[in-house]
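Student: Quick one: the structure is below, questions incoming.
Residue numbers (our numbering): 6 to 445.
Shown next as structure tokens:
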């Protein structure tokens with residue numbers, strides 16, 4: 006029996022027409038004049054569900070499994086409630102729409118993603134996900150990480166902890182477990198499990214598998230022996246091992262990975278949180294971009310995603326994203342520029358005597374220092390003293406200028422990642438003079 010027919014049989018038994026519900030949501034959203042952005046987010050998620058169900062038609066595994074009924078019902082219920090919400094936008098009072106619409110939309114957006122995740126993962130009883138990821142058992146990962154011991158913990162973020170693990174066959178892995186304290190939105194987990202397996206590039210981290218059980222959300226990645234880039238920049242880890250050739254390799258690798266996300270993969274992706282902490286280093290110091298929890302997959306022909314919701318890491322967020330809520334490819338370029346400044350200077354902050362605005366102290370601390378030194382012809386002062394060498398000073402100072410082009414206030418003046426790579430690979434002087442940087 007064809008998979009499409011299997012899905013149809015289950016939906017008929019449950020009295021559900023998921024595709025019909027999604028079409029109703031899409032049509033209703035076209036007639037709403039208030040809370041248009043909130044409706045758009047709900048509609049985007051509903052369309053994502055439709056696309057995922059259509060992709061499932063290409064999988065040969067059976068859906069005739071009793072465990073599928075509950076998530077199917079949950080998905081149907083959430084879609085119906087989302088449809089009623091959009092209809093409510095057409096008839097409710099202005100104050101209700103203004104005060105409650107956006108919050109309700111966010112709630113449904115997350116609920117739709119969660120229901121889709123449960124449906125998608127249970128849709129594969131044989132143990133492999135739609136995207137051919139390994140489905141690990143919780144006990145298997147607990148054993149691999151010495152039961153998530155402190156000794157095995159190698160990293161943490163606002164919403165997860167990362168542990169080193171060793172599987173029975175001897176393969177070392179990095180196990181990313183959602184933090185209960187952080188109350189991670191399920192959509193971050195779903196985002197990574199949807200996006201990363203599609204990305205095939207030497208400078209993008211590889212996702213090996215996942216585990217989902219009740220409140221547990223765990224992702225399993227390839228293990229990176231040299232950890233994250235920020236441990237070398239901020240913590241002085243193996244200082245002698247980060248001579249300029251290695252830093253050059255790291256910078257070029259990050260740029261290659263970002264160019265791939267922006268131009269070469271489908272759909273194009275905005276990472277949204279490029280920074281040293283999200284750059285992992287393998288045994289040869291080849292950089293791998295990681296953490297796609299807040300990344301955005303762009304619609305065909307689009308260069309930005311405007312949700313009005315600002316996420317990311319302080320110090321790496323482009324000014325227009327903060328002001329307008331629009332995340333663009335040029336936002337990633339800004340983050341790359343800040344990362345480049347930190348790699349070269351090996352600093353987060355400029356020297357204490359430098360006077361900074363309140364905004365600059367929070368979001369662009371190195372921009373002013375680098376730009377002032379560049380204008381004064383004293384860029385050598387910006388460079389990490391351990392890199393000072395007449396044979397490489399000219400190249401490093403040229404790369405500081407490239408970073409300053411990336412952190413310009415006006416996103417239209419920033420280069421694309423393709424342009425950045427071209428400048429990094431050229432020995433010619435930078436002819437374009439960087440304009441005043443953001444957060445000056």
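Yeah, the Cβ is synthetic: ideal placement off N, Cα and C, and Gly gets one too.
A quick note: this is a predicted structure, and the numbers were derived from the prediction, not measured.
Using three-state DSSP, classify residue 331 as helix, strand or coil.
Tutor: strand
Student: Label residue 56 either buried or exposed according to how many other C-beta atoms from any shown protein chain fall within 10 Å of its C-beta, with 16 as the threshold for buried.
Tutor: exposed
Student: Out of 408, 423 and 424, point me to the one whose CA is closest to residue 441's CA.
Tutor: 408
Student: Measuring alpha carbon to alpha carbon, tell me which residue in 336, 176 and 399 is nearest residue 422.
Tutor: 336
Student: With a cut-off of 8 Å, do at least 3 Cβ pairs link the segment 362–381 to the segment 312–329?
Tutor: yes
Student: When the Cα atoms are used, what is the spatial distance from residue 258 to residue 317?
Tutor: 21 Å
Student: Between the segment 409–429 and the segment 380–392, do three or more beta carbon pairs fall short of 8 Å?
Tutor: no
Student: According to DSSP, is residue 99 part of a helix, a strand, or is it coil?
Tutor: Note that residue 99 has pLDDT 46, beneath the 50 cutoff, so the model's placement of it is unreliable and the number below is only indicative. Note: residue 99 maps to helix in three-state DSSP.
Student: Using three-state DSSP, classify residue 183 as helix, strand or coil.
Tutor: strand
Student: When the cut-off is 9 Å and only beta carbons count, does residue 313 lie next to chain C?
Tutor: In the structure shown, chain C does not exist; there is a single protein chain.
Student: Skipping 5 residues on each side, what residues in its chain have a beta carbon closer than 7 Å to that of residue 92?
Tutor: 33
Student: Excluding sequence positions up to five away, which residues of its chain have a Cβ less than 6 Å from the Cβ of residue 351?
Tutor: 238 and 389
Student: Tell me which residue opens and which closes the alpha helix (DSSP H) that residue 370 is part of.
Tutor: 370–380
Student: Between the segment 285–305 and the segment 224–233, can you find at least three pairs of beta-carbon atoms closer than 8 Å?
Tutor: yes
Student: Quick check: residue 262 and residue 209, are their CB atoms within less than 9 Å of each other?
Tutor: yes
Student: Using only alpha-carbon positions, find the residue among 282, 35, 249 and 196 that is nearest to residue 396.
Tutor: Measuring from the Cα of residue 396, the nearest candidate turns out to be 249.
Student: By how many angstroms is the C-alpha of residue 393 removed from the C-alpha of residue 381?
Tutor: 19 Å
Student: For residue 448 and residue 255, what's the separation of their Cα atoms in angstroms?
Tutor: Residue 448 lies beyond the range of the chain shown here (6 to 445); nothing can be said about it.
Student: Which residue comes first and which comes last in the alpha helix (DSSP H) that contains residue 250?
Tutor: 249–264
Student: Just grab the DSSP bridge partners of residue 221 for me.
Tutor: 218
Student: Does DSSP put residue 341 in a helix, in a strand, or in coil?
Tutor: helix
Student: Among the residues of its own chain, which have a CB less than 6 Å from the CB of residue 265, if the five just before and after it don't count?
Tutor: If you ignore the 5 residues before and after residue 265, its C-beta comes within less than 6 Å of the C-beta of 206, all in its own chain and listed in chain order.
Student: Less than 9 Å between the C-beta atoms of residue 154 and residue 184, yes or no?
Tutor: no
Student: Taking 9 Å as the cut-off, decide whether the C-beta atoms of residue 280 and residue 344 are in contact.
Tutor: yes
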